[in-house]
Amino acid sequence: MLGAFAFLFISIRELRQAFYDFEKLQVHTGVIQSKAVIDTIEDDKKRTIIYLKLIDDNNEYLSSKYAEHLNENLNIGDSVKLYTNTSSSFFGNFVSNESATEIWTTNNPNEVYHIVRISDNSILLDFSSHKKSLKKMLWIFPLASICFFGWFIYRRSGRKSSLVIEA
C-alpha cells in the first residue's frame, strides 16, 4: 500500500512539473564567469552535467540535459538568462533524457530548464521541449501506483480467504 501511495505522490509531482507555467520559472541574468562539464555515475548510469557560474552571483547553476551541446555553444563572457524552478523538494525537479525514455530528479533548485543567450537572443535550452518529454512519460508512475495497489488488494483478499478456510 505504501508503494502505491509513493508512486501516486511521484506521479502528482511529475504531473505538476509537466504542466508548470514558464512564467513561474525564476530568471537569473548575468555573464558566464566559469563553466565545467562533469561526468557522474548514478545508479550505474553515466550522466554528463554542465555547471555554470555567473559573475556577481554566488549560486552554481547546473543543467543535467544537453550538457555537451551547452558546452559547445556557451562561452565564458556570454551574457545569458538562466531559468530555474525553485523547488527543492526530493521529487521537485524532474529531468528526462532527450528520447524521453528515462526520468530522474536532481533535487537541486538551481537546475536550469531554459537558457537564452542575450547577444543573439538564441534559445540554447528550451523549457517547452522539457515539458514535452515529461508528458510522454506521464503514464509510468500512475501505472506503477495502480499495479502496487492491485497487488496490495490481491494479497489482502488472499489473506482473508485463507483465514476463512482455516477457521
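Here our numbering is used: the first residue of the sequence shown is 1452, the next is one more, and so on. C-beta: ideal position from N, C-alpha, C; glycine also.
At which residues does the alpha helix (DSSP H) containing residue i begin and terminate?
i	result
E1519	A1518 to N1524
Suppose you measure from the CA of residue i to the CA of residue j; what does that come to, to the nearest Å?
i	j	result
I1483	R1606	56 Å
V1531	F1603	50 Å
H1565	D1577	5 Å
S1580	Y1517	12 Å
C1598	S1570	50 Å
S1612	D1494	Any reading at S1612 must be qualified, since the residue scores a pLDDT of 49, below 50, and its modelled position is unreliable; no value is offered.
Q1477	L1503	16 Å
N1526	G1481	13 Å
E1519	V1567	16 Å
Would you mind sorting residue i into buried or exposed? The rule is 16 or more other CB atoms within 10 Å of its CB.
i	result
E1474	exposed
G1528	exposed
S1608	exposed
G1601	exposed
S1596	buried
N1561	buried
Could you pull the start and end residues of the beta strand (DSSP E) that residue i belongs to?
i	result
L1397	With the chain represented from 1452 up to 1618, any question about residue 1397 goes unanswered, as that position is not in the structure.
I1489	Q1477 to E1493
E1511	E1511 to S1514
S1501	A small fix is needed here, since residue 1501 is Ile in this sequence, not Ser. First-last of the beta strand (DSSP E) with I1501: K1496 to L1505.
S1530	S1530 to T1535
I1527	Segment: none, I1527 is in no beta strand (DSSP E) and carries neither H nor E.
I1625	Missing from the structure shown is residue 1625; the chain here goes from 1452 to 1618 and no further.
Is the beta carbon of residue j closer than 8 Å to that of residue i?
i	j	result
G1486	N1536	It is Lys, not Gly, that sits at residue 1486 in the sequence shown. Going by C-beta atoms, K1486 is not nearer than 8 Å to N1536.
N1559	L1513	yes
S1515	I1500	yes
K1497	D1490	yes
Quick test of your reading: residue i and residue j, contact by CB under 8 Å. State the CB separation rounded to the nearest angstrom.
i	j	result
V1563	L1533	5 Å
N1510	L1575	Actually they are not in contact, since the Cβ atoms of N1510 and L1575 sit about 18 Å apart, beyond 8 Å.
H1479	D1508	7 Å
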